[in-house]
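Undergrad: As you go down the protein sequences, you meet chains A and B in turn. All residue numbers for the first sequence refer to this note's numbering, where the first residue is 1 and numbers rise by one. All residue numbers for the second sequence refer to this note's numbering, where the first residue is 1001 and numbers rise by one. We treat Cβ as the ideally placed atom computed from N, Cα and C, and that holds for glycine.
Protein chains: 2
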Amino acid sequence: MTVPGPETAEALLRTTLTAIAPLDPVVVAEARDRQDRLTKPRGSLGALEDVAVRLAGLAGQCPPPMPEPAAVAVFAADHGVHAQGVSPWPQEVTGQMVANFVAGGAAVNAFARQAGARVVVVDVGVVHPVVAAADRASGQQDRHGLPGLVVRRVRPGTDDLATGPAMARDDAVRALAVGIGVARDLVAEGHRCLLTGDMGIANTTASAAIVAALTGADPADVTGAGTGVDAATLARKVEIVRQALALHRPDPADPVGVLAAVGGLEHAAIAGFVLGAAAERVPVVLDGVIAGSAALVARALAPACIDACVAGHRSTEPGHTVALAQLGLRPLVDLELRLGEGTGAVLALPLVQSAVRALREMATFDSAGVADKERASATLAP
Amino acid sequence: MTVPGPETAEALLRTTLTAIAPLDPVVVAEARDRQDRLTKPRGSLGALEDVAVRLAGLAGQCPPPMPEPAAVAVFAADHGVHAQGVSPWPQEVTGQMVANFVAGGAAVNAFARQAGARVVVVDVGVVHPVVAAADRASGQQDRHGLPGLVVRRVRPGTDDLATGPAMARDDAVRALAVGIGVARDLVAEGHRCLLTGDMGIANTTASAAIVAALTGADPADVTGAGTGVDAATLARKVEIVRQALALHRPDPADPVGVLAAVGGLEHAAIAGFVLGAAAERVPVVLDGVIAGSAALVARALAPACIDACVAGHRSTEPGHTVALAQLGLRPLVDLELRLGEGTGAVLALPLVQSAVRALREMATFDSAGVADKERASATLAP
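In structure tokens form, the structure reads like this:
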């Protein structure tokens, strides 16, 4: 699949939105009942019980199928707002890190090897050439010389959201369609759990603008230090976001317009990826603030898509906490990560799989011959 | 190995305490330096960076070896204080759940299969016969008819800590020695990560008493609902703990005396297990409040043993939060679990392994040809 044209993309988006439906309430009830018959005090697996119940309702099957094999899609793109000095990292790092992902040398690769997840790297709009480190050293600059990279370039990065729209509306729709297509392809290849990942120097600025636009939060409350900026740069980031909102006055009822005004290509692709997973009724584990802001976009397009989402982790970005609260999602990992790439989602994958495995494999009080408190308590000492 | 006699047990404890030493500071520094050269913003893996650094210092090797294969030891025993009505579950459930562990039907088994960890079940003092469900149904009552159960029965449960010492001092030392022995055996068999687990109806009451005795906290602040009690039973639990502390006046400088007065056999065994792991310089992942209280005992015996500990999770028991704060450990999983068995430790295992894998396998800025912010920032736009 290449990047679809605007009309095809729009049609794919419409089809996908139509296919998204809430959890099956009958199966949800069945899963809750099953939880209560397993050999454990009721509710004692905490937040994991809800995860397993939701995945049952999503699959329409109790117990739900194991969420495996899993694949994390790392959507990479650049940001025109980088020109405003919102990041201490040079823009070239986006492409360099993409090459690092493909070579297997990044944190997300190490975590994915541990979790047994596949890493799929998707270029949706990297500005600088993506070249393997060895080829770069030898002066080789062929961006197509990188086997394993999925090339779905909508455009070479966004424009500067501080001074104009980040992209055309058609580009946002095409990037959404890219995300839908990647989700569909991964499910067609047999994956039963999708995870979001991202790479894009300056993309926390776009995330903050999206969160502010869709939740009404003040930019100061949703803009953070990203991968690490000093106080002066953070103040500048807040000002840029404030300025962008004043310039574009994005309408929260028009999520595609929000993406076009202040979003990023990877934000749009991840929103599409979430919608695609939900339409296929396959769970999608969200990474950090990029995914959180993209999920807000996806929810605005199809509210029920959030039923397919598991919040992998909570990053240190304040906008992520705001987004999670708005989405009503509880993060499974909360360890002050602020790396992106999908690292937080991949770390959460074994927790999701464990939650489902418990519901699938545990004995019941009856089958194990264990006395059940609910029936035994009347016979106890005072 | 059977349960050692008092003199052998005392000698093993002394040898073990002598072998425990702090992290290697040179290797810790080397690991921190390596973290900072990997292709990620410095510190961006949050709490996981510290885990990997500590494991390097423990192993005396940077990067540290992978913490695998892993084994969770589930120490099971009964509690005389059950007679005070501190739990809604009948005491028979301890033995029934032990049979469930051995049969593979409990939550810890499901989680361990997901994480690739071995489950070792150790009877250190279960009162009622441990019989497979099928044999129980057919009237078979031979406790030795359960292949796979490690039998290290120090005594058939403790006495009621509310009315007298839970056990003799010699029994506490023997149970400590059992835990040391199990840790040693597992390391000798090649395991490179140990995890604590527990089973014992009423054991959160003993945990609360240990935490209160060793930290000076008020019983009301460290006593919780365990696997689920009503408000009246919780109030009674608090009163029992308060009464026990008034009766025994345990000396926090005498941790073995604390165990004998208000502890449990599994608490003593887990304390020994932690000491044994630390002496072997193998990491030990702690489960919930039973492990937290046992780790306080272990620390009082050999402060440096905490360097070998990773807090797997934070349970809902208030005493666990107090214990973790006192130990200076940050839990990796915090999902309102309150099951015990080792479930929280096993859930954390992939996080620990991911932390180490990142330090072992990630590319450096140099090797991947990625621009480093620290060197690049001077050349950036304002």
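Taking the runs of the beta strand (DSSP E) that are 3 residues or longer, which of them lie wholly in the segment 1026–1077 of chain B?
TA: If we require 3 residues or more, the beta strand (DSSP E) runs fully inside the segment 1026–1077 of chain B come out as 1070–1077.
Undergrad: Determine whether the beta carbon atoms of Pro1165/B and Ala1271/B lie at a separation below 8 angstroms.
TA: No, they are not a contact pair.
Undergrad: Just checking: is the beta-carbon of Leu335/A within a distance shorter than 8 angstroms of some beta-carbon in chain B?
TA: With 8 angstroms as the cut-off, Leu335/A counts as an interface residue toward chain B.
Undergrad: So which of Gly1005/B, Gly1116/B, Arg1014/B, Val1262/B has the shortest CA-CA distance to Gly1080/B?
TA: Here the closest residue by C-alpha is Val1262/B.
Undergrad: To be precise: take each residue of the segment 35–47 of chain A, compare its Cβ to all Cβ atoms of chain B, and keep it if any distance is under 8 angstroms. Which residues remain?
TA: Listed by position, the residues of the segment 35–47 of chain A near chain B (Cβ gap below 8 angstroms) are Leu38, Thr39, Lys40, Pro41, Arg42, Gly43, Ser44, Leu45, Gly46, Ala47.
Undergrad: For the putative contact between Leu324/A and Ile306/A, defined by C-beta atoms under 8 angstroms, what is the C-beta separation to the nearest angstrom?
TA: Between Ile306/A and Leu324/A the Cβ distance is about 11 angstroms, and since that is not below 8 angstroms, they are no contact.
Undergrad: According to DSSP, what are the bridge partners of Ala1311/B?
TA: DSSP output for Ala1311/B lists Leu1286/B as bridge partner(s).
Undergrad: Give, in chain order, every residue of the segment 344–366 of chain A whose Cβ lies closer than 7 angstroms to some Cβ of chain B.
TA: Residues Leu347, Pro350, Leu351, Gln353, Ser354, Arg357, Ala358, Glu361, Met362, Ala363.
Undergrad: Can a CB atom of chain A be found closer than 8 angstroms to the CB of Asn1203/B?
TA: So no, Asn1203/B is outside the interface.
Undergrad: Hey, is the segment 278–289 of chain A in contact with the segment 340–360 of chain A, meaning 3+ C-beta pairs nearer than 8 angstroms?
TA: The segment 278–289 of chain A vs the segment 340–360 of chain A: in contact.
Undergrad: May I ask you to list, following chain order, the residues of the segment 1088–1121 of chain B that have a beta carbon less than 9 angstroms from some beta carbon of chain A?
TA: Correct list: Pro1088, Trp1089, Pro1090, Glu1092, Val1093, Gln1096, Met1097, Ala1099, Asn1100, Ala1103, Gly1104, Gly1105, Ala1106, Ala1107, Asn1109, Ala1110, Phe1111, Arg1113, Gln1114, Ala1115.
Undergrad: Is it the case that the Cβ atoms of Leu1247/B and Ala1209/B are separated by a distance below 8 angstroms?
TA: Cβ distance not < 8 angstroms, so Leu1247/B and Ala1209/B don't count as in contact.
Undergrad: Could you run through the segment 317–342 of chain A and flag, in chain order, every residue whose CB is less than 7 angstroms away from some CB of chain B?
TA: The segment 317–342 of chain A vs chain B, Cβ under 7 angstroms: Leu332, Asp334, Leu335, Glu336, Leu337, Arg338, Leu339.
Undergrad: Who are the Cβ neighbours of Arg236/A in its own chain at under 8 angstroms, not counting the five residues just before and after it?
TA: Gln84, Gly85, Val86, listed in sequence order.
Undergrad: Looking at the strands, I want to know which residues DSSP matches up with Leu195/A.
TA: Looking at the DSSP assignment, Leu195/A forms a beta bridge with Val72/A, Val285/A.
Undergrad: 8 angstroms is my cut-off, CB to CB: does Ala133/A come that close to chain B?
TA: Ala133/A counts as touching chain B.
Undergrad: Suppose contacts are defined by Cβ-Cβ distances below 8 angstroms. Is Ala132/A in contact with Glu1336/B by that definition?
TA: In this structure, Glu1336/B does not lie closer than 8 angstroms to Ala132/A by Cβ.
Undergrad: Could you give the residue range of the alpha helix (DSSP H) that holds Arg360/A?
TA: Residues 343–361.
Undergrad: Beta-carbon within less than 8 angstroms of Ala1378/B's beta-carbon, same chain only, minus the 5 sequence neighbours each way: which residues are those?
TA: Because the pLDDT at Ala1378/B is just 35, under 50, the model does not fix this residue reliably, and the point stays unresolved.
Undergrad: What number of angstroms, rounded off, separates the C-alpha of Leu384/A from the C-alpha of Gly1190/B?
TA: One cannot answer for residue 384/A here, as it falls past the ends of chain A, which runs 1 to 382.
Undergrad: Return the bridge partner residues of Arg118/A from the DSSP annotation.
TA: Paired residue(s): Ala71/A.
Undergrad: Just list the residues that DSSP pairs Leu149/A with in beta bridges.
TA: Its beta-bridge partners are Val121/A.
Undergrad: In the DSSP output, which residue or residues are listed as bridge partners for Val1333/B?
TA: Paired residue(s): His1313/B.
Undergrad: Chain A beta carbons: is any one of them nearer than 8 angstroms to that of Gly1369/B?
TA: Yes, its Cβ sits closer than 8 angstroms to a Cβ of chain A.
Undergrad: Buried or exposed for Ala1231/B, going by 16 or more other Cβ atoms inside 10 Å?
TA: Exposed, by the Cβ-count rule.
Undergrad: So, Leu45/A versus Ala1220/B, is the Cβ gap smaller than 8 angstroms?
TA: Cβ distance not < 8 angstroms, so Leu45/A and Ala1220/B don't count as in contact.
Undergrad: What span of residues does the alpha helix (DSSP H) with Gln1326/B cover, start to end?
TA: Per DSSP, Gln1326/B belongs to the alpha helix (DSSP H) from 1318–1327.
Undergrad: Relative to the alpha-carbon of Leu1149/B, which residue among Gly1264/B, Ala1009/B, Gly1095/B, Ala1298/B has its alpha-carbon at the smallest distance?
TA: Answer by Cα proximity: Gly1095/B.
Undergrad: If you draw a straight line from the C-alpha of Arg405/A to the C-alpha of Thr1002/B, how long is it?
TA: Nothing in the structure corresponds to residue 405/A, since chain A is present only between 1 and 382.
Undergrad: Does Gly228/A have its Cβ less than 8 angstroms from a Cβ in chain B?
TA: So yes, Gly228/A belongs to the interface.
Undergrad: So does the segment 1052–1067 of chain B actually touch the segment 1177–1190 of chain B, counting three or more Cβ pairs closer than 8 angstroms?
TA: No contact exists between the segment 1052–1067 of chain B and the segment 1177–1190 of chain B.
Undergrad: Considering only the beta carbon of each residue, do His320/A and Leu347/A sit closer than 8 angstroms?
TA: Not a contact, by the Cβ cut-off of 8 angstroms.
Undergrad: What does the Cβ neighbour count give for Arg184/A, buried or exposed, with the cut at 16 atoms within 10 Å?
TA: Burial call: buried.
Undergrad: Name the chain B residues that come within less than 9 angstroms of Lys373/A, Cβ to Cβ?
TA: Near Lys373/A (Cβ distances below 9 angstroms), the residues of chain B are Ser1087, Pro1088, Trp1089, Pro1090, Val1093, Thr1227, Gly1228.
Undergrad: Only counting the same chain, and skipping five residues up and downstream in sequence, which positions put a Cβ closer than 8 angstroms to that of Leu176/A?
TA: Counting only Cβ-Cβ distances below 8 angstroms, and skipping sequence neighbours, we find Ala9, Leu13, Val256, Leu259, Ala268, Ala269, Ala271, Gly272, Leu275.
Undergrad: Kindly list, in the order they appear in chain A, the residues whose Cβ is closer than 8 angstroms to that of Arg1136/B.
TA: Those within 8 angstroms of Arg1136/B in chain A are Gly369.
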